[in-house]
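Notes for the one structure printed next.
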Amino acid sequence: MAAANSALPAFTAKGFFWHRRFGAIQEHVGDKFAKELFTALKNERYMRKCSCPLPAIFDSKESAERGRGHLRFYRVGDDREELGLLQKKGDLVWHCNCTNRYSLRFSQIVNQNGKRGAETDEVELLLQEAEARRTNEPKGQVSRIIAAPADTANAATSSTSAGQQVTAGRAFGPATPAPPPPPPPPPPMWAGLARLKTRGRTMGKTVANYFGSLYHGRQHDTVDIRRHDTATGAVVTKRQKRQTMPGTFPTDDPIPVEDSMDIDPIQPMPPATPQPLPRSKLAFESPVSKFLSPTNITNVPGEPIAREELAFVAHPPTAADVVLSDILDDEKLQKEDEKLDLSYHAHKYQGFINDMRTDVYTKYGATLIWPGPDNGIALSWPGTETGDPELDKPVPLFRKPPTQCVHRFDKPISDIQKERALNNHFRDPRIVEHEKHLFLTGPRQRDTRLDDQVSDEDMKRGTGFLPDVFQMSRMKRDEIDEIAIERQVKQEFHDYQCKLAEEERLRKLEQERKEREEAIKRHEEELRQKAEEERRQKEAEELRAKEEAEREQLGLRRPNRPVVSPMTDEWKARVANVQQANPATELVKTPDGNSLTRRDFAEKLLPATAWLNDNIINASLIHVGEFVNKAAGVDPKTNPKCAVMSSYFFPRLKNVGVNKCGRLMRNAGVRKENFLSIDSILIPICSDNHWTLAVVRPSKRHVSHIDSIQGGAGDADVKNLLMKWVEASLENDFVTQDWKMIDYVAPRQTNGWDCGVFTITNAICMALGVNPREAYGQGQLSLQRMRIAAMLLNKGFTNEMSLDGL
Amino acid sequence: MAENADNGSPAQAEAAPEHLNIKVTDNNNEVFFKIKRSTKLDKLMTAFCERQGKTLASVRFLFEGQRVQPSDTPDTLEMQDGDTLEVHQEQVGGSRAC
């Protein structure tokens, strides 16, 4: 295995794989073309803000072949400083790791970068050199031979076609046929081996420097370009600087540095040594002087102050500055000078300098010397000694107070006034006004009061040192400021008060407006409420009147209390106990002799959705009749007020005939003789699983049928049949026009199980002459079921179950 | 009496005047019972229910529209020979059947 591997290193699994995958390889060796491509790629990468690394540079061509990537650069040459390039043949599109897609051709790249494209002869040279390298021939014959600018168009076309040829005709491996030989370069160019060596080294250094500059930000790349003028046969070499700043493309305009045949290594320029400024001007050219008041600028003896030196005064001369030359009394200053201690002056100067940010001295390399010459302050610049004692001595900044004005104006003062007027345009008008006053009245009109105020103490402290005009000017300005401030304060106070008053006024107006609106709203509300109240009263009256009329017509009254009232806990318990009773036991016997068992109660009455059976209905209605008759104190058998027919009455009436009910009527106590004296005859009807109640009220000659589903209205068939029964019962006493069929209004049933309870409750109401609509509602009927059960267990409407007071 | 005798079984009625022939019908079936006048109808009702496979609690025996109690006898109901007892289903109602 090992032997096989060593024998065929190129066909190891990995190498073979990558080799095949890379396919035919296009190769550029040792050329600046590879470098330019690399540069272009790098610039492209910068421009796209791509975050991936550059295409890899391999150490050798072998490693490049084994590597990955569409573009593989590798180092070649003895110094490993040249750059070679492997590229998959025909692949002019390549990618970086972050999937940005580079889709540029070589020629496009170099053109876009301000460089020429690869041209035919150059490519041929490349090929030649590659061939030479492959066959171990002497190398180094790499240079750029550029066609003369005369046939630019041809060169351009041939460039593109040559590029295609290169792409197409280049093949990897020695087996490929050799390209056509290029036109031989002029022999003198390649004669001197040493110079070629130098050139190659230079070029290699350039490349190496270039790579170094990737991280060091070198701005320019020096490139030598040779031009071969075919017309004259001369070769011109140009050394150019190209910008290779990271993140930018090289500029289109190369910066020519030299234009010569000499291509020796570039000699670095010596660093520029700073030239010291003329010493005599240091005091004025240093920024310190800009901070000095002109009165403190000392006239260096022997050097008359030139006019332009005044330009260093930081601000335009003020009135005080100008008049200074007039008002300074030399003799007086002289005397004061003698009187005062010089150190005190120095102290004052020191303070003055401190006020002006002393660090500007040190920033410009100066050191302060105090006390300097003449007990003043001087500046010296250590490290710049020239050896000339005259030049090296410290430059005095502050000496004794000047005995003469440093300002000399070589133009009339009126011009200065004009300039100042221009300047004043941008200054505080109050100060300007004050200075104008000074000019007009003349500086000699001094304020003696100020003189008197300057005491010796002040002089010693230095406060009296400034010229009176300064003080006057400042005091006057402050005074003006105070007056202005006072006026402004007054004005602002006045404005504030006006504003307050205005706000108050607006607030009051707003308040009044709101009150008015509220009053209007209240009034409208009252009117609306009144109208509403009237309307409600009217409606209530109408309703009452309607009900009265209805009651009058129907003969029903309003109940005094609800029919369905709550039960006591005792009765609730008794009703609940029914559920546990023995099914066979007779729980209670109804007045008509039937036994009610647990089945009747627990299955037919008490569940909220149970359907009531005939036992419950009949027994309940009989109890109702008993209660009414007992309350009326009549005998139910002979002269009942309320007669109750059983639920079997109506089917017989309907199926057998109106005349065949004698037995039932007898049982109920209804006869022809007492028929008209009966108040109500209750007839429960069960038809099609639906309980309804028919009521005949002979005393009022009403026949009605109450169907809870219909909300009290009844079936006409039922009423007609009953009317026939009445007629048959009364025989001759029947007066047709007296009898009416009535529809009552009763609570409406909206569920599918409560009609029996409705029937019983309607029967209670009708027997008592109570309007059922006002007596109960459907929502109370689950309670009413328990009440009926309790009533049945109680055997009638007695005691607690009594209907008294309804 | 003559009418009733025609309707019923005259031979037995004449033979035993103490006995009555009672027809019990529920519209589908007719069952004749021969009972004494003093016999409680409880017996008759129970026999009919057993024969028809019904429970006593779910049927109503009516004589001329009047509910017949188990303790009733033909005497108390003033029944005559050949009278008919109608058997109705228990009346139950909750809402109008739609």
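Chains A and B are the protein sequences, given in the same order. Per UniProt numbering, residue 1 is the first one in the first sequence, and the count goes up by one each step. Per UniProt numbering, residue 1 is the first one in the second sequence, and the count goes up by one each step. Don't be surprised by glycine CBs; every beta carbon is placed ideally from N, CA and C.
{"Query": "According to DSSP, residues forming a beta bridge with Q89/B", "Result": "V59/B"}
{"Query": "DSSP state of P651/A mapped onto helix, strand, coil", "Result": "helix"}
{"Query": "Whole-angstrom distance between L803/A and G633/A, CA atom to CA atom", "Result": "15 Å"}
{"Query": "Euclidean distance between Cα positions of P636/A and E626/A", "Result": "7 Å"}
{"Query": "Below-9 Å beta-carbon distance, L62/B vs any chain A residue", "Result": "yes"}
{"Query": "H623/A - partner residues in DSSP beta bridges", "Result": "BP columns for H623/A are empty, so no partner."}
{"Query": "Sub-9 Å separation of V718/A and T692/A beta-carbons", "Result": "yes"}
{"Query": "Whole-number beta carbon distance between V564/A and Q778/A, since they are thought to touch under 8 Å", "Result": "Actually they are not in contact, since the Cβ atoms of Q778/A and V564/A sit about 11 Å apart, beyond 8 Å."}
{"Query": "Inter-residue spacing [alpha-carbon to alpha-carbon] between D78/A and R66/A", "Result": "21 Å"}
{"Query": "Own chain, CB closer than 7 Å to H705/A, minus 5 neighbours either side, in chain order", "Result": "T692, A694, G714, D715, V718, K719"}
{"Query": "Listed by chain order, chain B residues near R599/A by CB distance under 7 Å", "Result": "A57"}
{"Query": "Paired residues, beta bridge with E385/A - DSSP", "Result": "Note: E385/A sits in no beta bridge, so no partner."}
{"Query": "Contacting residues, own chain, Cβ-Cβ under 8 Å from T590/A (five flanking each side not counted)", "Result": "L596, N615, N618, A619, I622, L792"}
{"Query": "Per-residue DSSP class, three states only, for R67/B", "Result": "strand"}
{"Query": "Buried versus exposed, by CB contacts within 10 Å (16 or more), D679/A", "Result": "buried"}
{"Query": "Chain B contacts made by the region 632-666 of chain A, where a contact means CB separation under 7 Å", "Result": "S646, S647, Y648, F649, R652, C661, R663, L664"}
{"Query": "Where N594/A falls, given that 16 or more other Cβ within 10 Å makes a residue buried", "Result": "buried"}
{"Query": "Pairwise C-alpha distance: A501/A and I485/A", "Result": "23 Å"}
{"Query": "Selection of the region 615-626 of chain A by Cβ proximity to chain B, strictly under 9 Å", "Result": "N615, I617, N618"}
{"Query": "Short CB-CB distance (under 9 Å) between L606/A and chain B", "Result": "no"}
{"Query": "Contact residues within the region 731-764 of chain A, judged by C-beta distance below 9 Å to chain B", "Result": "Q749, N751, G752, W753, D754, C755, G756, T759"}
{"Query": "Contact under 9 Å by Cβ, R561/A with L721/A", "Result": "no"}
{"Query": "Pick from G711/A, D743/A, I764/A, Q553/A that is closest to I681/A, judged by C-alpha positions", "Result": "I764/A"}
{"Query": "Proximity below 9 Å, CB of V87/B to CB of D42/B", "Result": "no"}
{"Query": "Residue of M741/A, E727/A, D688/A minimising C-alpha distance to H702/A", "Result": "M741/A"}
{"Query": "Beta-carbon proximity list for K641/A, same chain, < 7 Å, skipping 5 on both sides", "Result": "V628, N629, A632, V634, I678, D679"}
{"Query": "Inter-residue spacing [alpha-carbon to alpha-carbon] between L783/A and E548/A", "Result": "30 Å"}
{"Query": "Local Cβ density within 10 Å of H690/A, reported as buried at 16 or more and exposed below that", "Result": "buried"}
{"Query": "The alpha helix (DSSP H) enclosing S782/A, as first and last residue numbers", "Result": "781-794"}
{"Query": "V726/A versus G669/A - alpha carbon distance", "Result": "15 Å"}
{"Query": "Cross-chain neighbours of I709/A in chain B, by beta carbon under 9 Å", "Result": "S95, R96"}
{"Query": "For H702/A, the three-state DSSP class (helix, strand or coil)", "Result": "strand"}
{"Query": "Contacts that D592/A makes with chain B (C-beta to C-beta distance below 7 Å)", "Result": "R67"}
{"Query": "Contacting residues, own chain, Cβ-Cβ under 7 Å from L653/A (five flanking each side not counted)", "Result": "C661, L721, W725"}
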